[in-house]
Amino acid sequence: MRSVMKTTEQSHKWVLTDVSGLTDFSADFRNYCEEKQLDEGKIFELELSLEELIVNSFTHGYKNVGAGTVTIEVEDIGSDIKISLQDKAPPFDLVRQAPAPRLGGEDGEPESGGEDEAVSDPGAELEEKEEKVGGLGIHLVKSLNDRVEYYGSKDGNIVVIIKSKL
15 MRSVMKTTEQ SHKWVLTDVS GLTDFSADFR NYCEEKQLDE GKIFELELSL EELIVNSFTH
75 GYKNVGAGTV TIEVEDIGSD IKISLQDKAP PFDLVRQAPA PRLGGEDGEP ESGGEDEAVS
135 DPGAELEEKE EKVGGLGIHL VKSLNDRVEY YGSKDGNIVV IIKSKL
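In our numbering, the protein residues as written are 15 to 180.
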């Protein structure tokens with residue numbers, strides 16, 4: 015089972031059992047947003063945010079615990095859209111614990127390196143740079159939405175996104 019959708023008048027709810035359900039979810043979510051007459055820019059920003067959070071849950075949250083689920087509930091609350099994502103992964107407060115966005119270098123600054131620098135193992139240098147890049151997706155989620163909240167416990171994580179429809 016990849017995704018399941020449940021609908022009421024005020025909300026839609028999806029349950030994803032792995033990242034392969036993302037395509038079906040995205041199509042359903044887009045239809046929901048179009049029915050609510052959100053403009054294309056807001057739909058794109060929400061799709062990008064949700065994809066990042068869902069992929070992070072499966073890739074990082076469930077990395078050491080195996081399989082899991084991500085439940086997404088979308089509610090129309092007047093002039094806003096409220097989206098709640100819940101997983102059962104180990105707690106990770108993306109509002110307070112997420113690393114600052116890093117594009118490379120030890121302090122997040124791009125690596126400086128001229129052409130005349132000798133590189134003994136180009137693969138090792140690439141691997142080192144990849145480890146230093148990170149935090150960009152969560153930064154994107156926070157930047158693209160009006161409000162991002164985190165609620166967590168030993169039983170998992172809930173991330174709430176609030177976005178104005180106007």
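For each residue, glycine too, the CB sits at the ideal point set by N, CA and C.
query	result
What is the residue span of the alpha helix (DSSP H) that Thr-85 lies within?	Premise fails: Thr-85 lies in the beta strand (DSSP E), 84-91, not in any alpha helix (DSSP H).
Suppose the cutoff is 6 Å on Cβ atoms and the five residues either side in sequence are ignored; what does the same chain contact list for Leu-52 look like?	Lys-179
DSSP three-state call for Glu-129: helix, strand or coil?	Here Glu-129 scores only 47 on pLDDT, less than 50, and its place in the model should not be relied on; the value that follows carries that caveat. Glu-129 falls in the coil class under three-state DSSP.
At what residues does the alpha helix (DSSP H) containing Ser-40 begin and finish?	36-49
Which residues in the same chain have their Cβ closer than 6 Å to the Cβ of Tyr-165, if we skip the five residues on either side of it in sequence?	Ile-172
Thinking C-alpha only, which one of Gln-111, Phe-58, Lys-168, Asp-169 is nearest Ile-152?	Gln-111
Look up Tyr-165 in the DSSP assignment and give the residues it is bridged to.	Ile-172
I need the DSSP call for Val-29, collapsed to helix, strand or coil.	strand
What separation, rounded to the nearest whole angstrom, lies between the Cα atoms of Thr-175 and Glu-163?	At residue 175 the sequence reads Ile, which differs from the Thr that was named. Rounded to whole angstroms, Ile-175 to Glu-163 spans 7 Å at the Cα level.
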